[in-house]
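Worksheet: the structure to be examined is printed underneath.
Residue numbers (the working numbering): 139 to 477.
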């Protein structure tokens, strides 16, 4: 008899805990602060749980330079609770400015748990990784993420998630929207010759910026790829390489640098990463060389579109139409690999 009471009490406690958690999330959904997080959907279907999109966020992998508190001096344990401090940018997206093992006293932050801890990367899960949808719509959502056209650079359009955040850092998904602009990347290879399975990479990347919105908007294409930065990626391994232009001063934007795009229109450009302006320092602080160099080619990089600040474009003909969001390209390396 006593055993039955213990089992009943344990079951009742579980129900109470689940009810409390559900009520807590419902309160956040209706009363939390509204933010947007940028994500990339993967694995759109799980046969045992119905249609959903599994999400990975830009905020999911946090570089060592942003670790604070005890995290900066020790290895975090899997499942350990951490807090990602956020800041909302000019484009309305919330981005991580630091992560700590102690709950912040104020400000906007997400509560999460450590997925894995690498040498320079910390993977964090926030309970926002599964986005459930109506039957049959998850695959359609995944297909719409990549906008392809015959012979053109395939463009990935980011999915921005609407999220409600409570004062304790608990977050709940509310919905989604497509980013207004998508970015595509393709490595340009030399013409095919007989007997070669893979043609050498020329060092040139082809980029495409697509207006994925329903209204005209403008992007800025500075000469020689000046609207882009080269960012070392450390998602898979430590990357000691650094781009020599990371502190470069951008030239002033002219009307000729602004491209007004109609809905569905794309603008393409090419960047030659063999040019000296795109050199990187290697793992041993050697003299700058191209990322295609034998000592650098295994390290991964991304190109980042960074628009000018609003105050630097005042007076331009299409200043009001210029989009002020940032975009990350797919990761690539000097071995012609693209993620």
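Here a beta-carbon is modelled for each residue, glycine too, at the ideal position from N, C-alpha and C.
If you're wondering where the values come from, they're calculated on a predicted model, not measured in any experiment.
For this session: Drop a sphere of 10 angstroms on the beta-carbon of residue 234, count the other beta-carbons inside from all chains shown, and report buried for 16 or more, exposed for fewer.
Result: By 1-based counting over the chain shown, the position of residue 234 is 96. The residue in question, residue 234, is buried, as its Cβ has 16 or more Cβ neighbours within 10 Å.
Problem set entry | C-alpha distance - residue 414 paired with residue 440, whole-angstrom precision | As a working mapping, residue 414 is identified with position 276 in the chain shown. As a working mapping, residue 440 is identified with position 302 in the chain shown. The alpha-carbon atoms of residue 414 and residue 440 are separated by roughly 17 Å.
Exercise. Around the C-beta of residue 329, are 16 or more other C-beta atoms found within 10 angstroms, so that it is buried, or is it exposed?
Worked result: Position 191 of the chain shown holds residue 329. By the neighbour-count rule (16 or more Cβ atoms within 10 Å), residue 329 is not buried but exposed.
Problem set entry | CA nearest to the CA of residue 220, picked from 458, 435, 354 and 236 | Taking the chain shown and counting its residues from 1, one reaches residue 220 at position 82. Minimum Cα distance to residue 220 is reached at 236.
For this session: Report yes if the CB atom of residue 250 is closer than 8 Å to the CB atom of residue 293, and no otherwise.
Result: Stepping through the chain shown from its first residue, residue 250 is reached at position 112. Stepping through the chain shown from its first residue, residue 293 is reached at position 155. Cβ atoms of residue 250 and residue 293: not closer than 8 Å.
For this session: Pair every Cβ in the segment 243-262 with every Cβ in the segment 193-202, then say whether three or more of these pairs are closer than 8 Å.
Result: yes
For this session: Please go through the segment 331-369 and give each complete beta strand (DSSP E) segment of 3 or more residues, from N-terminal end onward.
Result: 339-349 and 355-358
Exercise. Helix, strand or coil: which one does DSSP assign to residue 203?
Worked result: Within the chain shown, the letter at position 65 stands for residue 203. It is helical.
Problem set entry | Beta-carbon proximity check, residue 461 vs residue 350, cutoff 8 Å | Within the chain shown, numbered from 1, the residue matching residue 461 stands at position 323. Within the chain shown, numbered from 1, the residue matching residue 350 stands at position 212. No, the pair does not count as a contact, with Cβ atoms beyond the cut-off.
Exercise. Unbroken beta strand (DSSP E) runs of length 3 or more, entirely within the segment 217-261: which are they?
Worked result: 219-226, 232-238 and 247-255
Exercise. To which residues does DSSP link residue 386 through a beta bridge?
Worked result: Your numbering for residue 386 matches position 248 in the chain shown. The partner list for residue 386 (beta bridge, DSSP) is empty, contrary to what the question assumes.
Exercise. Can you name the residues that DSSP bridges to residue 410?
Worked result: Position 272 of the chain shown, counting from 1, holds the residue named residue 410. Its beta-bridge partners are 342.
Exercise. I think residue 176 touches residue 231, with their Cβ atoms under 8 Å apart; what is that distance to the nearest whole Å?
Worked result: Taking the first residue of the chain shown as 1, we reach residue 176 at position 38. Taking the first residue of the chain shown as 1, we reach residue 231 at position 93. With 8 Å as the limit, residue 176 and residue 231 qualify as a contact, their Cβ atoms being about 6 Å apart.
Problem set entry | Inter-stretch contact at 8 Å, needing at least 3 Cβ pairs: the segment 266-283 / the segment 396-415 | no
Exercise. Nearest to residue 342 by alpha carbon, out of 450, 429, 449 and 268?
Worked result: If you number the chain shown from 1, residue 342 lands on position 204. The residue with the shortest Cα to Cα distance from residue 342 is 429.
Problem set entry | Proximal residues to residue 465 (C-beta, below 6 Å), its chain only, five neighbours per side dropped | Within the chain shown, numbered from 1, the residue matching residue 465 stands at position 327. Excluding residues within five positions, the ones whose Cβ falls inside 6 Å are 321 and 443.
For this session: Give the DSSP-derived three-state secondary structure of residue 473 in the structure shown.
Result: The residue labelled residue 473 in the question sits at position 335 within the chain shown. The answer is coil: DSSP assigns residue 473 none of H, G, I, E or B.
Exercise. When burial is assigned at 16 or more other CB atoms within 10 Å of the CB, is residue 278 buried or exposed?
Worked result: Your numbering for residue 278 matches position 140 in the chain shown. It counts as exposed.
Problem set entry | Cβ neighbours of residue 435 in the same chain (closer than 8 Å, five flanking residues each side left out) | If you number the chain shown from 1, residue 435 lands on position 297. Answer for residue 435: 429, 471, 472 and 473, listed in chain order.
Exercise. So what does DSSP say about residue 277, is it helix, strand or coil?
Worked result: For the purposes of this step, residue 277 is identified with residue 139 of the chain shown, where counting begins at 1. Note: residue 277 maps to helix in three-state DSSP.
For this session: Determine the extent of the beta strand (DSSP E) in which residue 321 is found, giving its start and end residues.
Result: If you number the chain shown from 1, residue 321 lands on position 183. Residue 321 -> beta strand (DSSP E) spans 319-327.
Problem set entry | residue 268 - containing beta strand (DSSP E), residue span | By 1-based counting over the chain shown, the position of residue 268 is 130. From DSSP, the beta strand (DSSP E) with residue 268 extends over 268-270.
Exercise. How would you call residue 185, buried or exposed, if buried means at least 16 neighbouring beta carbons within 10 angstroms?
Worked result: Reading the chain shown from its first residue, position 47 is the one you call residue 185. Low local confidence applies: a pLDDT of 42 at residue 185 is under 50, so the model's placement there is unreliable, with the coordinate-based value given in what follows. Looking at its Cβ environment, which holds fewer than 16 other Cβ atoms inside 10 Å, residue 185 is exposed.
Exercise. If we call anything under 8 Å between Cβ atoms a contact, is residue 389 one with residue 363?
Worked result: Residue 389 sits at position 251 when you count from the first residue of the chain shown. Residue 363 sits at position 225 when you count from the first residue of the chain shown. Not a contact, by the Cβ cut-off of 8 Å.
For this session: Within 10 angstroms of the Cβ of residue 372, are there 16 or more other Cβ atoms? Answer buried if so, exposed if not.
Result: If you number the chain shown from 1, residue 372 lands on position 234. Flag for residue 372 reads buried.
For this session: Find the nearest neighbour of residue 495 within the set 383, 275, 358 and 172, judged by alpha-carbon distance.
Result: Residue 495 lies beyond the range of the chain shown here (139 to 477); nothing can be said about it.
Exercise. Can you name the residues that DSSP bridges to residue 443?
Worked result: For the purposes of this step, residue 443 is taken as the residue at position 305 of the chain shown. Answer is 366 and 465.
Problem set entry | Residue(s) in a DSSP beta bridge with residue 515 | Because the chain in this structure spans residues 139 to 477, residue 515 falls outside the shown range and cannot be described.
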